[in-house]
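**Q** Take this structure, written in structure tokens, and hold onto it; I'll ask about it next.
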């Protein structure tokens, strides 16, 4: 499913190496995506906020393609569910035992925190 297609002024997105700012004419780039926000600034200066988790970003001078494992519009995220997921992940991080998969728990925590950031950004723009 496509969440956005059109001309933009800029895209801010979370790549594997950190936050990226993409504008028309950007150098070619291929990178993986981390859980985070895609902030799209459209030609009319309106903004759209999308939560992304996993996937790839391909940038060409006049074209950007985002293939995400998970993509949800900021307004469609459930704040209570994200808060509950964050709390659950924090509790699991603090659990002591051999059967705690800390890498999986850290990934769950990163997703929950990223969703909360997207929700906050969406609420600021509403």
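Numbering (our numbering), first residue to last: -17 to 108.
For each residue, glycine too, the CB sits at the ideal point set by N, CA and C.
#1: Scan the region 35 to 74 and note each continuous beta strand (DSSP E) run of 3 residues or more that stays entirely inside, going in chain order.
#2: Any chance the region 92 to 103 sits against the region 55 to 64, with 3 or more Cβ pairs inside 8 angstroms?
#3: In the structure shown, what three-state DSSP assignment does residue 106 receive?
#4: Go through its chain and collect everything with a Cβ distance to residue 3's Cβ below 6 angstroms, but skip five positions before and after it.
#5: For residue 19, count neighbouring Cβ atoms within 10 angstroms of its own Cβ and tell me buried if that reaches 16, exposed if not.
#6: Between the region 69 to 88 and the region 31 to 49, are three or more C-beta pairs nearer than 8 angstroms?
#7: Tell me whether residue 10 is buried or exposed, calling it buried when 16 or more other Cβ atoms sit within 10 Å of its Cβ.
#8: Thinking just about the alpha-carbon of each residue, which of 32, 1, 41 is nearest to the one in residue 12?
#9: Pick helix, strand or coil for residue 31, following the three-state DSSP scheme.
#10: Where residue 86 and residue -15 are concerned, what is the direct C-alpha to C-alpha distance, given to the nearest angstrom?
**A** This is what the structure holds:
#1: 45 to 55
#2: Verdict: yes, contact present.
#3: For the purposes of this step, residue 106 is taken as residue 124 along the chain shown, with counting starting at 1. If DSSP states are grouped into helix, strand and coil, residue 106 belongs with the helices.
#4: Here the question's residue 3 lines up with position 21 in the chain shown. For residue 3, where only same-chain residues beyond five positions count, the Cβ hits under 6 angstroms are -6.
#5: Within the chain shown, the letter at position 37 stands for residue 19. Label assigned to residue 19: buried.
#6: no
#7: Numbered from its first residue, the chain shown carries residue 10 at position 28. Exposed is the call here.
#8: Residue 12 sits at position 30 when you count from the first residue of the chain shown. Comparing Cα-Cα distances from residue 12 to each of 32, 1, 41, the minimum goes to 41.
#9: For the purposes of this step, residue 31 is taken as residue 49 along the chain shown, with counting starting at 1. It is a strand residue.
#10: Numbered from 1 along the chain shown, position 104 holds the residue referred to as residue 86. Numbered from 1 along the chain shown, position 3 holds the residue referred to as residue -15. Computed Cα separation, rounded: 27 angstroms.
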